[in-house]
Structures are given as C-alpha cells and as structure tokens.
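Notes follow once the structure below has been shown.
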DNA sequence: CGGCCCTAATTT
DNA sequence: AAATTAGGGCCG
C-alpha cells in the first residue's frame, strides 16, 4: 500500500513539474464510474470503456479531457472497426448500414485529435452506439462542444457517458443484434477550489435539437436513471445540485 | 466559412 | 472488407 501511494505521488509529481499533462485516461482514474468484476473493461489511450457483450455496445465510456487535448491538431479519416482489445467482438459496420441509426461516438472524435492512436481507437465499436441522427448531430453535439469549452476554461474535465437501454423499445439492428438505446447519459466533473463540481445530462434517443440546458440535471438524478455510482473516486464532490451559471 | 456530426456510393 | 470520394445540415 505504501509503495502504491509512492508511485501515485511520483506520477503526480512527474506530470505537474514536467509542464505537461498526463494522457487520458488520467493516471488517477478519477473519471471512472463504479463497476464490478463481471464487466469487460477495455483501456485505450484516450478512454476507458465497459463493453457489454449482450447489448454489443458499451455500458459506459469514461475519459479525462484536458485543455491541451481539446485543442488537438491531428486529423484524418479513420474507419469504424472492431476493437482488437475485445475478445469476440460482434458489432460491425454491416449492422449499422442502412439501419437508419448513426454510428454515434461516446468519446467524441473531436476529443481525440491530440493523438493519431487515440483518434483511431475512438472509431472502435467499443466506443460506438446507435444514435438518432438529429440527436447526435444537434443536441448531443452541443453537449460535446460545451464539454470542450469547459476543458479549455477549467483545464480539465472528467467525463463519463453511455447508453440508457431502458425498455429497449427501439429493438436491435443488424444480424448481430446491436441494441438501440432509449436514451444517453453524460456526467461532467471539474475541479475547483471549493471541491469538485458536477453536472449531468440525459437525452432521449429521438429527434432532439435543444440546447444543453434543456437536458441538464444533477448527477444524482443521472445515477437514479442509470443505477450506477458515478465519480465514486472524487473527494468532496457535490452531486446533489448544480448551478447552470457554472456550466453555460 | 470552417468544424463537427455523419451517410452512401464508388473504387480497390 | 476497406479505403476513397462526394455530399448534407447545423452551429459559432
């Protein structure tokens, strides 16, 4: 235990004195939600995910977005592909083709432009869910853009998001049977002198074009929908309220 | 207008 | 099966 603490302190010291930021996922893992041993946790350079082999989509995807990363410069077109870190991945391009549903990124492509590897890994199906096109390109995108602005403002944002399968009323797509979620959740946390500040979002997987405020709620509310403890590692974190003035 | 979210058709 | 090309709508 002592050795582990020492290593963590060393990592922290290295990051802060070197004038550079750790690559996401953060060395501290503060963005990670609570999870148990039955989950298939996949760690990539830019994000950590829990891949669900029944729904064929992630249960959650988490990453830290720093100000430096939010202004990333790499670009290029990558193709959606199966994740080499996942054993027996089933979802494929064919399942989504002509389904009417977008191949929606959980960790956004635009958050991964700080590294070619991170960018490529964002196209793994581990990070992809069927999303309504209007929702993905409008309401969800606005929340993603807001998150990048927050990273620039606060220096770093912890992000966790994923599908809410709910009743599964949209069924599945493709031969593999990829689950179409009822909705999507996203939770953000930033560090402030007064402790960690959080906000959550919940967006139905239907035509949604509103501004982020319309979908905002407390992280406690998001947890009551997902049934999962979010940001369990953050000390002095407030999840029972939020002030939209801090987030707009 | 560029950036971002993509799709579908075509070529290899 | 994958890479290339062309195209579309919204936002700041």
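In the working numbering, the protein residues as written are 44 to 291.
We put the CB at the ideal spot given by N, CA and C, even for glycine.
Predicted model, so just to flag it, every value in this text is computed and none were measured.
query: Outcome for residue 147 when other beta-carbon atoms lying within 10 angstroms are tallied against a minimum of 16; result: buried
query: Given residue 130 as reference, the closest of 123, 113 and 83 once Cα atoms are compared; result: 83
query: Residue interval of the alpha helix (DSSP H) (run including residue 185); result: 184-197
query: Residues that residue 167 bridges to, as DSSP identifies them; result: 124
query: Range of the contiguous alpha helix (DSSP H) that encloses residue 266; result: 262-269
query: Burial state of residue 232, where buried means 16 or more other Cβ atoms lie within 10 Å; result: buried
query: Which of helix, strand or coil DSSP assigns to residue 245; result: strand
query: Check whether residue 169 and residue 230 have beta carbons under 8 Å apart; result: no
query: Burial state of residue 116 (16 or more Cβ within 10 Å); result: exposed
query: Own chain, CB closer than 6 Å to residue 154, minus 5 neighbours either side, in chain order; result: 108
query: Three or more C-beta pairs below 8 Å linking the segment 207-219 and the segment 118-129; result: no
query: DSSP bridge partner residues for residue 258 (one or two, in chain order); result: Note: residue 258 sits in no beta bridge, so no partner.
query: Cut-off 6 Å between Cβ atoms - residues of its own chain near residue 76, not counting five sequence neighbours on either side; result: 103, 203, 271 and 273
query: Nearest residue (CA-CA) to residue 158, options 263, 224 and 111; result: 111
query: Inter-residue spacing [alpha-carbon to alpha-carbon] between residue 227 and residue 183; result: 9 Å
query: Separation of residue 189 from residue 221, as counted between CA atoms; result: 29 Å
query: Residue 83: first and last residue of the uninterrupted beta strand (DSSP E) it sits in; result: 83-86
query: Alpha-carbon to alpha-carbon, residue 291 and residue 285; result: 11 Å
query: Where residue 148 sits in the DSSP three-state scheme; result: strand
query: Residue 267 burial status per 10 Å Cβ neighbour count (16 or more: buried); result: exposed
query: Coarse secondary structure for residue 136, derived from DSSP in three states; result: helix
query: Proximal residues to residue 105 (C-beta, below 6 Å), its chain only, five neighbours per side dropped; result: 74, 75, 91 and 203
query: Residues bridged to residue 228 (per DSSP); result: 205 and 245
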